Structure formats: C-alpha cells, structure tokens
Amino acid sequence: MHSPTLLTLGLAAAFAPLAAAHTVFTTLFINDVNQGDGTCVRMAKQGNIATHPVNLNSDDVACGRNGNEAVAFTCPAPAGAKLTLLFRMWADGSQPGSIDPSHVGPMSIYLKQVSDMTTSSAAGPGWFKIWSEGYDTTARKWATEKLIANNGLLSINLPSGLPAGYYLARHEIITIQNVTNNKADPQFYVGCAQLFVQGTGSASIPKDKTVSIPGHLSASDPALIFNPYTQNPATYPSFGPAVFFPAAPDSGSGNKQPQQQTLTQTTGVIPQTCLLKNANWCGVEVPDYTNEATCWKSAENCWNQLDVCYNTAPPSGSKGCRIWQDQKCAVLQQACESRRFRGPENKGQKLDQAEVNSALPPGGIPQAVNAGQRGDQVPVPSAVGADGAGNEDGDGEEVVVDQDLGAAPPVSEPTTTTTTTAEVKTPSSSSTAEPVPTETESGEPEERGETTTAAATLSTTPTPTPTVNSCSGSRRYRRPRRHRRRRGMN
Ligand SMILES: *[C@@H]1O[C@H](CO)[C@@H](O)[C@H](O)[C@H]1NC(C)=O
C-alpha cells in the first residue's frame, strides 16, 4: 500500500491549491459528540474544488464529487439521534466561515437506506426527504442565513421510526443568488454522511416515498428559477418530494412492538485499536520490538502508516497525521536512535484525539431544526435482510417494499417479526461489533473501500486572507518535509 506511487501522488496532491469561499460539509456530530473532521463523511477528494457546487443532472448531485465512493468508516447512531452537520467555507477550517453570505437559498436533508455501504450506489433510487426549509418568514431569513447565524451548524433529529441499518444522510443546499440578465443559475452543494442506524425498527421505506437522485428536481422548477431580488422570499415555493419522517410506533395505543432483534454493524466499524484517527484513517500500535533490527522495523511501520494517513487525508485536513508523526513516529525513531530497543514505549496508549478536531464554533450546537417533529406512522415492521437494508439501493436488486404508508395502520395485530438472521444484542453498546484489527502483512492498517489519493493539506505557510465574497479564492498548501526515512536492518 505504501508504494512509491502512493507517495508520489500524495506529494503531487500536496501542492494542489485549496480553494474555498463556497461551502462543504466536513464534520458530523451525533448526539452532540464530534465524530472528527471528515470521519464518516463523503467529501470531494480534490481540495481545490471541495467547496464547489455540483451539476444538478450528474451523479455528483447525490453525494457530491467522489460521493459514490465509500469512506472507510460508518458512524453508529441510535434511531432518533440528533445529527449535527458542520459546514465550512474552508474545508480544513483554517479560516472562519461556513458559506459566503451572498449565497442564499433553501436547505434539505435526505436519507437513503443502503444494503452495502461499500458497494451500493449513492446515485439512483431510494432517497427520501426528512426536512426542508426555504425562507423563514418569522425569522426573515433564508435557510442559508440561519446556517451562518449558527456558525455553520445544522442539527436535525433522525426519525425515531427509522428502520435499523446502513444509511446515507445527504444534505442539499441550493443557492439562488446568481441571477444574470433575469436568468437564474442555481448552485447545488451536496454531501453525505455514512450512518449505521441502531435499533430494532425493521419496516422498509415505502417506495412511493422515495425518489431518484439525480432526477428529484427539474431545472425549471419554480424554486430553482426563483429570483430573490425581484420576487418576495415569503412566496418561495416548496420543491422536490414531500417529507417522509417515519415515527416510532405509538406505544400508548396497545400497538406494542413485538420483541425484535437488534442489527449489528459489521462494516465500517471504527476499530477500538485506533490510537489516533484522522478522518477515515486510523493509526494502530506498531509491533513489539526487542532489538535494534526490530526497533527500526517498527519505526518503519509507523512511517508507513503515516504515508497512508497523508495520502488519504480529505480536504478537511491532516492534523491527525502530523500528531501521529510527532507523537508516535518521531518518538519511536528517537527511541531506536537512543538504543532503547524494548518497546513500544507507552504501548497501546491513545493519542489526544481532541487535538485533531477543530474546536466547536462559538455558540455550541444548535437545537434540531425539526425538534418536536412527530412524524409519520409506519404501519407494520416487515422483514429486512441480515444486512439491515430492506429497500432497493440503486442497483436495481432487492426491492422489498411490503408496506404502503397509505394503508390504514393495523392497530391491534402485532405481527411476529420475521427478522431471523440478525444477531441479538443489547442496544446499549454504541459500537457493537468487535473491532477487527485489519492489518496487512506489513502491519499497516487496511483501508476498507477507500482508494483515495486525496490531497494532503497541511498548512504550514502563512496563508492569504480569503476574499469573502468571491467564489474563486485559492490558497497554497505545502506539505512539510515530514521525516527522514530510516531503513531498518531487515
Ligand atoms: C452565474 O450565472 C451565469 C449564467 O448562467 C454563469 O455564466 C456564471 O458562471 C454564474 N456565476 C457564478 C459565480 O456561478
């Protein structure tokens, strides 16, 4: 994995300019817990366009550029959890700002249940909208203006009745400020988080509540050709599919949920053996060493992991790589140089993850935009597969749509769940699967479903002040000369 090719690509990417001034979703919080910059987030790999809009009719409009490629980690979230998305004008947060204030328009959140996080297509059918807002006539603000007021944070509660399983959570910001000669040219900013929704809910999503993306909007939709300068924002039309928000079954009505089995996350689990995480990379302890040769071999293992860290760091940054470099590899190298050939010292000790993540913007995490939303009753749980997905995921197979929301909810007939293949687990543990230390022969952490050669974007040089109202600001990042490679004696 740490071939010269990867290293070369990483170095080449390091000199790509990183543009900003639009917006990008970089960081996910689950029930107010920061998952780490880039962790479980699908993001454009190329730093210089990471904040740029995508084309309405391309597959990129599902989860953004590179959005059809899974990242290694999928974050567990209880059903009904509060998600908070952090948006940045500069992907790595090196400059403040969430989105250019000139960019006004609506925001929406969609979900899609997928059977296989690694291979299921993001683009295609199966998407349902759980929330959307255009112009708030009370606050007299566009959704984007409220986002700015919340320091780039948007919180939303997941539906409490969401069937357990793997989901893509997609945001969609449409900005409509660009009107040239009375012709609107809306911009689309989208991205996705990879979630494993825990719980026992097992209803499938009714197919008639879902749409295909792309295909869910038309360029001629009144909302997309709306002129915010000549038309009254209070008349901003709704657009796209109706909201579908599956509520938990009503426990007060005697319509008791039958005892159900809990699904267990098996892919994308963040290993508990991570000593440090950067986005979707995780550094694990080096092999034990007992003499000079094995000491240098372990040092090499550390630097090799570092290469992967830099080479897979998304535009949200590589702070974790630098910490790994300084606090793990350099320390280990020092030990070998000092002929302390028994180690690793402080074996298994985690490095400070808090240093990796940018501080929460002032003001803290806002209330969920849909707080108090009760939702739609999903009639009866129906069987889902062992992987937790019951609906189609875009590859045209495995369409299981048993229940129609339009049907009258059966009140007194709790059906026996037919979920048979999932493991029974207590729903309390947040990371249910035993971590699989995925090490290759060289001891380097295996990347799952990740083939990124993203730019390593470590800012070491003084950076120019961003042009706030421009869409084309760019900055130059220089990757530091990070280590002298000491070859082991193998
Ligand atoms: C604004 O719209 C015009 C017309 O479609 C387009 O040529 C131009 O590139 C757009 N400008 C921006 C900043 O997107």
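When the letters of the sequence shown are read in order and numbered with mature numbering (1 follows the signal peptide of the UniProt record, and there is no 0), they come out as residues -21 to -1, 1 to 469. For every residue, glycine included, the Cβ atom is placed at its ideal position computed from N, Cα and C. Remember, predicted model here, so these are calculated numbers, not experimental data.
Option in 151, 38, 283 with minimal Cα separation from residue 312:
Selection 151, 38, 283 evaluated against residue 312 yields 283 as nearest (Cα-Cα).
Any idea what DSSP makes of residue 174, helix, strand or coil? Correct three-state label for residue 174: strand.
Notebook entry, point to check: If we call anything under 8 Å between Cβ atoms a contact, is residue 226 one with residue 139?
Noted result: Contact flag set, yes.
Item to complete: For residue 80, name the three-state secondary structure that DSSP assigns.
Response: Coil at residue 80, not helix or strand.
Legend entry - Local Cβ density within 10 Å of residue 18, reported as buried at 16 or more and exposed below that: Result: buried.
>> What does the Cβ neighbour count give for residue 67, buried or exposed, with the cut at 16 atoms within 10 Å?
In response: Buried, by the Cβ-count rule.
My output table needs one value for residue 13: the three-state DSSP class, helix, strand or coil. In the structure shown, residue 13 sits in a strand (DSSP, three-state: E or B).
- Query: Any contact of the stretch 291 to 298 with the stretch 256 to 263, i.e. 3+ C-beta pairs under 8 Å?
  - Reply: Counting Cβ pairs under 8 Å, three or more are found: they touch.
Exposed unless 16 or more other CB atoms sit within 10 angstroms - verdict on residue 319:
Classification for residue 319: exposed.
From which residue to which residue does the alpha helix (DSSP H) around residue 124 run? Under the DSSP assignment, residue 124 falls in the alpha helix (DSSP H) whose first and last residues are 122 to 128.
- Alpha-carbon spacing of residue 145 relative to residue 103, whole angstroms: Rounded to the nearest angstrom, the two C-alpha atoms are 16 Å apart.
Q. Which parts of the stretch 244 to 271 are runs of the beta strand (DSSP E), unbroken and 3 residues or longer, counting only runs that do not cross its ends?
A. Runs found: 255 to 257, 260 to 262.
Going by Cα to Cα distance, which pick from 220, 7, 39, 329 is closest to residue 187? When the alpha-carbon of residue 187 is set against those of 220, 7, 39, 329, the nearest one is in 220.
* Asked: Nearest to residue 78 by alpha carbon, out of 244, 153, 228, 21?
  -> Comparing Cα positions, the closest option is 153.
query = Which same chain residues, not among the five before or five after residue 253, have their C-beta less than 8 Å away from its C-beta?
reply = The residues are 261, 262, 263, 329.
Using the DSSP secondary-structure output, state which residues sit across from residue 107 in a beta bridge.
90.
- Task: Buried or exposed for residue 98, please, with buried defined as at least 16 other CB atoms from any protein chain shown within 10 angstroms of its CB.
- Result: The residue in question, residue 98, is exposed, as its Cβ has fewer than 16 Cβ neighbours within 10 Å.
For residue 143, count neighbouring Cβ atoms within 10 angstroms of its own Cβ and tell me buried if that reaches 16, exposed if not. Buried is the call here.
Fill in: Span separating the alpha-carbon of residue 200 from that of residue 34
About 15 Å.
Here's the rule I'm using: 16 or more other beta-carbon atoms within 10 Å means buried, otherwise exposed. How should residue 241 be labelled? It counts as buried.
TODO: Compare the C-beta of residue 258 with all C-beta atoms of chain C and state if any pair is closer than 8 Å.
DONE: Of the protein chains in the structure, only one exists, and it is not chain C.
Practice prompt. Check each candidate in 108, 156, 248, 130 and name the one with the smallest Cα separation from residue 4.
Written response: Proximity to residue 4 across 108, 156, 248, 130 peaks at 130, based on C-alpha coordinates.
Please list the terminal residues of the continuous alpha helix (DSSP H) segment that includes residue 301. Element bounds for residue 301: 298 to 303.
Please classify residue 244 as buried or exposed, where buried requires at least 16 other C-beta atoms within 10 Å of its C-beta. By the neighbour-count rule (16 or more Cβ atoms within 10 Å), residue 244 is buried.
*Member of 281, 332, 185, 124 whose CA lies at the smallest distance from the CA of residue 315*: Nearest of 281, 332, 185, 124 to residue 315, Cα basis: 281.
Is it buried or exposed for residue 211, if we count other Cβ within 10 angstroms and need 16 for buried? Exposed.
Return helix, strand or coil for residue 348, following the three-state DSSP convention.
Assignment of residue 348 by DSSP, reduced to helix, strand and coil, places it in the coil class.
### Task
State the start and end residues of the unbroken alpha helix (DSSP H) segment that holds residue 42.
Run containing residue 42: 39 to 42, per the alpha helix (DSSP H) assignment.
message = Within 10 Å of its beta-carbon, does residue 32 have 16 or more other beta-carbons around it, so buried, or fewer, so exposed?
response = Looking at its Cβ environment, which holds 16 or more other Cβ atoms inside 10 Å, residue 32 is buried.
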